[in-house]
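Q:
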Amino acid sequence: MREKLIEGFALVAAIIFAITIWALLIQFIGVDNANKAAISGGVLSMIGGMVGAFSAYFIAKMQLTKQLELQDIKDRNRILLEVRMHKAEELLDNLNRTKTAFYNLQGAWTSLLRDYLGFIKNRLDAKTDYEVLKNEAILLGLEKNRDKFIRTYNECYKYKPYFRELITGIENEHDERFKDLTIEINDVLLRFAGVDYEFLTYKELYNSIEEKIEKVNADFLDIDNLIKNQINNSEQNVVFLIKEFS
Numbered sequence: 005m006r007e008k009l010i011e012g013f014a015l016v017a018a019i020i021f022a023i024t025i026w027a028l029l030i031q032f033i034g035v036d037n038a039n040k041a042a043i044s045g046g047v048l049s050m051i052g053g054m055v056g057a058f059s060a061y062f063i064a065k066m067q068l069t070k071q072l073e074l075q076d077i078k079d080r081n082r083i084l085l086e087v088r089m090h091k092a093e094e095l096l097d098n099l100n101r102t103k104t105a106f107y108n109l110q111g112a113w114t115s116l117l118r119d120y121l122g123f124i125k126n127r128l129d130a131k132t133d134y135e136v137l138k139n140e141a142i143l144l145g146l147e148k149n150r151d152k153f154i155r156t157y158n159e160c161y162k163y164k165p166y167f168r169e170l171i172t173g174i175e176n177e178h179d180e181r182f183k184d185l186t187i188e189i190n191d192v193l194l195r196f197a198g199v200d201y202e203f204l205t206y207k208e209l210y211n212s213i214e215e216k217i218e219k220v221n222a223d224f225l226d227i228d229n230l231i232k233n234q235i236n237n238s239e240q241n242v243v244f245l246i247k248e249f250s
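Each residue of the sequence shown is one higher than the one before, counting from 5 in our numbering.
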């Protein structure tokens, strides 16, 4: 704004200066002087030249300003694209860590079933003794891997401002499948621990969890495919952004 005022003032001052010179010359040589027309023409030519020079300056300045604005927009878009590409790489890394955490959880679940079911099936008709059944190390290992899996996949949500459609799809899959998996695992663990459920014999305990275990195992297979698809979609985003950045 200040620069425009200065430029306007300079143009007006130049015109006033030229008119002042013209007036002084007319006063000096007299109104009836034969050279008045020639002098007036010269002064007017000078004014025209000054106006033309200012016009050329303003046109050049406008073109330069437009070029700078376009370059600024281009640079800004490139920076935003670079940020999105960096976030896409972070998201891909998070999904790969989610896959690792998922496999660790699946491994801990398999170890727990091998230990607990092996113990239960060898004494189906015996009275349930929850203290004898408990394997603290395996339980803690499963709970630790379960919590890490939950924390890891929840980290995906912070990338929603950058990839709204992709993250919204992931959120829906988490709500529909991932959370159900951890709830079902917790249900089995509570039955093994005798919390909220107490069964007279190991056979009754086994019958109460048999279908639930099958459901958890099926969910593990489905979620494995879901995570692979999420990683594939994220990889496609990275490839697309790299092409745009090039």
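For each residue, glycine too, the CB sits at the ideal point set by N, CA and C.
1. Within the continuous alpha helix (DSSP H) that includes alanine 197, where are the two ends?
2. Check whether the region 120–135 and the region 207–224 touch, using three or more Cβ-Cβ pairs below 8 Å as the test.
3. Considering only the alpha carbon of each residue, which of Ala197, Glu239, Ile227 lies closest to asparagine 139?
4. Identify, in the order they occur along the chain, each residue of the same chain with its Cβ nearer than 8 Å to the Cβ of valine 35, setting aside the five sequence neighbours on each side.
5. Report the rounded CA-to-CA distance for arginine 181 versus methionine 66, giving the unit in angstroms.
6. When the Cα of asparagine 108 is compared with those of Lys207, Lys91, Phe244, Ile142, which residue comes out closest?
7. Does DSSP put valine 35 in a helix, a strand or coil?
8. Exposed or buried, valine 220, counting other C-beta atoms within 10 Å across all chains shown (16 or more means buried)?
9. Counting only runs that start and end within the region 97–166, where is the alpha helix (DSSP H) found for 4 or more residues in a row?
10. Roughly how many whole angstroms lie between the Cα atoms of lysine 207 and valine 192?
11. So threonine 172 is in the alpha helix (DSSP H); what residue range does that whole segment cover?
A: Let me lay it out:
1. 183–197
2. yes
3. Ala197
4. In this prediction, valine 35 scores a pLDDT of 49, lower than 50, which makes its location untrustworthy; the coordinate-derived value is nonetheless stated afterwards. Counting only Cβ-Cβ distances below 8 Å, and skipping sequence neighbours, we find nothing.
5. In a straight line, the C-alpha of arginine 181 is about 58 Å away from that of methionine 66.
6. Ile142
7. Caution is warranted here: a pLDDT of 49 is assigned to valine 35, below 50, making its placement in the model unreliable, and no coordinate value can be reported.
8. Around the C-beta of valine 220, 16 or more other C-beta atoms lie within 10 Å, and the residue is accordingly described as buried.
9. 134–137, 140–158
10. 15 Å
11. 168–177
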